[in-house]
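Novice: Let me begin by handing over the structure; questions about it come next.
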Amino acid sequence: MIDIQYIRDNPDQIKQAAINKNLNPDVVDQVLDLDQKRRALETEIQQLRAKRNQLNDQLKNERTDELIQESQALKQQLNDKEPELKQVNQNFTTAMLQVPNTTLEEVPVGKDSSGNVVVKTVGDKPQFDFTPKNHIDLGLSLNLLDVDRGSKVAGYRGYYLKNQAVAMQFGLMRYALDKLNAKGFTSIMPPIINRKEAFVNSGHFPWGEAESYALIPDDPDTLDIVSELGAQYKNSKLDYKSDTYLAGTAEVPLVSFHAGETLNEKDLPITYAGFSPCYRREVGNYGKDTRGIYRVHEFMKIEQVVLCVNDFDESRKWHEMLLQNAEEMLSDFGLHYQVLLMCTGDMGEPQMKKYDIETWMPGRDTFGETASNSIMGEFQARRAGIKYRAADGTLKYVHMLNNTAIASSRMLIALWENYQQKDGSIKIPEALVPYVGFDTIN
RNA sequence: GGAGAGGUCGCAUAGUGGCCUAGUGCGGAGGUCUUGAAAACCUCUAUCAGGAUUACCUGAUCGCGAGUUCGAAUCUCGCCCUCUCCGCCA
783 MIDIQYIRDN
793 PDQIKQAAIN
803 KNLNPDVVDQ
813 VLDLDQKRRA
823 LETEIQQLRA
833 KRNQLNDQLK
843 NERTDELIQE
853 SQALKQQLND
863 KEPELKQVNQ
873 NFTTAMLQVP
883 NTTLEEVPVG
893 KDSSGNVVVK
903 TVGDKPQFDF
913 TPKNHIDLGL
923 SLNLLDVDRG
933 SKVAGYRGYY
943 LKNQAVAMQF
953 GLMRYALDKL
963 NAKGFTSIMP
973 PIINRKEAFV
983 NSGHFPWGEA
993 ESYALIPDDP
1003 DTLDIVSELG
1013 AQYKNSKLDY
1023 KSDTYLAGTA
1033 EVPLVSFHAG
1043 ETLNEKDLPI
1053 TYAGFSPCYR
1063 REVGNYGKDT
1073 RGIYRVHEFM
1083 KIEQVVLCVN
1093 DFDESRKWHE
1103 MLLQNAEEML
1113 SDFGLHYQVL
1123 LMCTGDMGEP
1133 QMKKYDIETW
1143 MPGRDTFGET
1153 ASNSIMGEFQ
1163 ARRAGIKYRA
1173 ADGTLKYVHM
1183 LNNTAIASSR
1193 MLIALWENYQ
1203 QKDGSIKIPE
1213 ALVPYVGFDT
1223 IN
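Going by the working numbering, the first sequence opens with residue 783, and the numbers climb by one from there.
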């Protein structure tokens, strides 16, 4: 959420930011219009209430019919006006939640991914003196992956990991945690079933609602009955809780961890390393990456989340540090990658500046996204109500940032495909060997 | 799943319709006293919104939301959450 005062003072800037993100700027005018109405109504109602409070003070001492009648008349006027204010306020809040964040001045303006800028490229493509396989063929031939049974049981994009792939999955998660712990990050295993409010706080909603799995349908009648218990559930009017969803990233519960709290400046920065399974519908991507485990509905991830003081120099500093953390891991694994500065048209509504890290994947013969690193400014903190008492005594909203550390399935692809050998085996990079317990898969 | 208790200012507590402009204690800030410190004493001590903009005024907020009333922290209803006991269980 953006400060309403800032929107009043800089409407054109906010509109331009929306346009740059390929969004409709009209919501800004809606907000300003509702803001006007809201303030006019509020002033009017405040005066009525002030009068009512005065009358009630008098009524404590002298109860006359005249005063009571006057008070009743005021009450009637308030009853007429208050619902209107309530409605306007609701509309105002809804509109406010739809205003996208602005971007920092160094972010390139662009329509789509073609506007992204390669900031750096590290390492080289591996050279194979044989025809490299993709991760699916590798996974099948080494008995690491089963996608046929995966889709049989779980549906489209379902998969089973088997044997050494399981050890790699756990090893990668543990490796990332150790790495971040050594840098002072606090490990967290958050709940991943979250209320709608948490998704609004992080800025995933309203824009990304279709991307999340609603855990329980709003209408129990839409449930397929597969058991007697299911029938009971369907018939009960009250035995379901609405508005819970599966989070697509630990960012959601971590952003809301301190929701509604006032921290002290000396508590900052706060750095979290959150482990979670991640659930994504991938609704906009039906035709994309249909084979293998590049784009899946569930995977595991370690996510970095930072709360720091309200200062963009500080945010930028953390942004680079989060980037470095992710880069160190790729370097530890000896992987070839590039860092992109995302343009306005290819970043999300809540983000102010974003780097994507793309890692070379020989099976795709191109780079594939493995990390996404964002400056959020106050946007999430305003939604979640996370403030801190600054050294000068004033209250400020924290700045928040987040970046992937390691996302399981995509890192498996990169490792398998880049470290495949002529004989069909896969080597494990040295840094990972202690975490997985073997140095070759064959 | 059954039964009960409860959610009040940063923390702890008081508050059963107008004396609440939410009291008291702790914690925090400033001051008096003192060579310095402690103690004691004094003052201040929430947030949000609107309107003025040194200072101020008004409104809202006692878990959240509705309702009753001229008037609600207090009464009624719904929801959220916490705790205790019993049952079941990875």
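Every residue, glycine too, gets a C-beta built ideally from N, C-alpha and C.
#1: For Tyr788, which of Val889, Asp817, Trp1198 has the nearest alpha-carbon?
#2: Take Ile827 as the anchor and find which of Pro865, Leu1036, Thr846, Lys842 has the nearest alpha-carbon.
#3: If you drop the 5 nearest sequence neighbours on each side, which residues of the same chain put their C-beta closer than 8 Å to that of Leu867?
#4: Let me know if Tyr1201 comes out buried or exposed under the rule of 16 or more other beta-carbons within 10 Å of its beta-carbon.
#5: Just checking my contact of Gly1145 with Glu1109 at CB under 8 Å: how many whole Å lie between their CB atoms?
#6: Helix, strand or coil for Thr1152? Go by DSSP, reduced to three states.
#7: For Lys797, count neighbouring C-beta atoms within 10 Å of its own C-beta (all shown protein chains included) and say buried if the count is 16 or more, exposed if not.
#8: State yes or no: is the C-beta of Ala1196 within less than 9 Å of the C-beta of Thr1148?
#9: Is the stretch 1163-1179 in contact with the stretch 1202-1216, if contact means three or more CB pairs nearer than 8 Å?
#10: With DSSP as the reference, identify every bridge partner of Lys1136, one or two as the case may be.
#11: Please list, in chain order, all residues of the same chain as Gly905 whose beta carbon is under 6 Å from its beta carbon, the five residues on each side excluded.
#12: Should the stretch 958-973 be regarded as contacting the stretch 935-947, the criterion being three or more beta carbon pairs within less than 8 Å?
#13: Locate the beta strand (DSSP E) running through Lys1178, then write down its first and last residues.
#14: Threshold first: 3 residues or longer. Then list the beta strand (DSSP E) segments lying entirely within the stretch 831-910, N to C.
#15: Taking 8 Å as the threshold, find out whether the stretch 954-961 comes into contact with the stretch 933-943 through three or more Cβ pairs.
#16: So the alpha helix (DSSP H) Asn983 belongs to, where does it begin and stop?
#17: Label Tyr1076 either buried or exposed according to how many other C-beta atoms from any shown protein chain fall within 10 Å of its C-beta, with 16 as the threshold for buried.
#18: Express the C-alpha separation of Ile1139 and Asn1155 in angstroms, rounding to a whole number.
#19: Between the Cα of Leu830 and the Cα atoms of Ala1166, Gln851, Lys857, Met1193, which residue gives the shortest distance?
#20: What are the boundary residues of the beta strand (DSSP E) that includes Gln795?
#21: Are the CB atoms of Ala1187 and Ile1052 nearer to each other than 9 Å?
#22: If we count the other Cβ atoms within 10 Å of its Cβ and call it buried at 16 or more, is Glu1160 buried or exposed?
#23: Taking Glu909 as the reference, which of Gly990, Gln1203, Asp1221 has the closest Cα?
#24: Return the CA-CA distance between Phe1217 and Val889, expressed in angstroms with no decimal places.
#25: To the nearest angstrom, how far is it from the Cα of Lys1169 to the Cα of Asn806?
#26: Could you tell me the alpha carbon to alpha carbon distance between Val900 and Ala1163, rounded to whole angstroms?
#27: Going by C-alpha distance, which of Met1182, Gly1116, Leu1183, Arg1098 is nearest Thr903?
#28: Within its chain, find whatever has a CB closer than 8 Å to the CB of Lys863; leave out the 5 residues flanking it on each side and keep chain order.
#29: Do Val881 and Ala800 have their C-beta atoms within less than 9 Å of each other?
#30: Can you name the start and end residues of the beta strand (DSSP E) that Met1082 belongs to?
#31: Ordered along the chain, which non-local residues of its own chain (more than five positions away) have a Cβ less than 6 Å from that of Ile784?
#32: Can you tell which of Phe1039, Cys1060, Met950 has its C-alpha closest to the C-alpha of Ser984?
Specialist: In terms of the structure at hand:
#1: Here residue 788 refers to the residue found at position 6 of the first sequence. Comparing Cα positions, the closest option is Asp817.
#2: For the purposes of this step, residue 827 is identified with residue 45 of the first sequence, where counting begins at 1. With distances taken between Cα atoms, Ile827 lies closest to Pro865.
#3: On the first sequence, position 85 is the one that residue 867 refers to. Closer than 8 Å at Cβ, skipping near neighbours: Arg820, Leu823, Glu824, Ile827.
#4: What you label residue 1201 is simply residue 419 of the first sequence in a count that begins at 1. Burial call: buried.
#5: Indexing the first sequence from 1 puts residue 1145 at position 363. Indexing the first sequence from 1 puts residue 1109 at position 327. With 8 Å as the limit, Gly1145 and Glu1109 do not qualify as a contact, their Cβ atoms being about 22 Å apart.
#6: Here residue 1152 refers to the residue found at position 370 when the first sequence is read from its first residue. DSSP places Thr1152 in strand when its eight states are reduced to three.
#7: On the first sequence, residue 797 is found 15 positions in, with the first residue counted as 1. With 16 or more other Cβ atoms within 10 Å, it is buried.
#8: As a working mapping, residue 1196 is identified with position 414 in the first sequence. As a working mapping, residue 1148 is identified with position 366 in the first sequence. Cβ atoms of Ala1196 and Thr1148: not closer than 9 Å.
#9: no
#10: Counted from its first residue, the first sequence places residue 1136 at position 354. In DSSP, Lys1136 forms a bridge with Ser1156.
#11: Mapped onto the first sequence, residue 905 falls at position 123. Taken in chain order, the residues that qualify are His1118.
#12: no
#13: Start at 1 with the first residue of the first sequence, and residue 1178 comes out as number 396. 1177-1179 is the extent of the beta strand (DSSP E) around Lys1178.
#14: 899-904
#15: Because the criterion of three Cβ pairs below 8 Å is not met, the stretch 954-961 and the stretch 933-943 do not touch.
#16: Start at 1 with the first residue of the first sequence, and residue 983 comes out as number 201. From DSSP, the alpha helix (DSSP H) with Asn983 extends over 978-984.
#17: The residue you call residue 1076 lines up with position 294 of the first sequence. Tyr1076 counts as buried, since at least 16 other C-beta atoms from the protein chains shown sit within 10 angstroms of its C-beta.
#18: Position 373 of the first sequence, counting from 1, holds the residue named residue 1155. Position 357 of the first sequence, counting from 1, holds the residue named residue 1139. Cα to Cα, the separation comes out at about 8 Å.
#19: Within the first sequence, the letter at position 48 stands for residue 830. With distances taken between Cα atoms, Leu830 lies closest to Lys857.
#20: Here the question's residue 795 lines up with position 13 in the first sequence. Counting along the chain, Gln795 falls outside any beta strand (DSSP E), though it belongs to the alpha helix (DSSP H) covering 793-802.
#21: Indexing the first sequence from 1 puts residue 1187 at position 405. Indexing the first sequence from 1 puts residue 1052 at position 270. Taking 9 Å as the Cβ cut-off, Ala1187 and Ile1052 do not qualify as a contacting pair.
#22: One-based indexing of the first sequence puts residue 1160 at position 378. Per the 10 Å Cβ criterion, buried.
#23: Counting from 1 along the first sequence, the entry for residue 909 is found at position 127. Just to set this straight, residue 909 is Gln in the shown sequence, not Glu. Considering only alpha carbons, the answer is Gln1203.
#24: Within the first sequence, residue 1217 is the residue found at index 435, counting from 1. Within the first sequence, residue 889 is the residue found at index 107, counting from 1. The question names Phe, but residue 1217 in the sequence shown is Tyr. Cα to Cα, the separation comes out at about 38 Å.
#25: Along the first sequence, one-based indexing puts residue 1169 at 387. Along the first sequence, one-based indexing puts residue 806 at 24. Roughly 30 Å separates the two Cα atoms.
#26: Against the first sequence, residue 900 aligns to sequence position 118. Against the first sequence, residue 1163 aligns to sequence position 381. Roughly 30 Å between the two C-alpha positions.
#27: Within the first sequence, the letter at position 121 stands for residue 903. Here the closest residue by C-alpha is Gly1116.
#28: As a first step, residue 863 is located in the first sequence; it is residue number 81 there, counting from the start. Once the five neighbours on either side are set aside, the close Cβ partners of Lys863 are Leu823, Glu826, Ile827, Leu830.
#29: Looking up residue 881 in the first sequence gives position 99. Looking up residue 800 in the first sequence gives position 18. In contact: Val881 and Ala800 (Cβ atoms closer than 9 Å).
#30: For the purposes of this step, residue 1082 is taken as residue 300 along the first sequence, with counting starting at 1. Met1082 -> beta strand (DSSP E) spans 1080-1090.
#31: For the purposes of this step, residue 784 is identified with residue 2 of the first sequence, where counting begins at 1. Here the set comprises Val881.
#32: Your numbering for residue 984 matches position 202 in the first sequence. Closest by alpha carbon: Phe1039.
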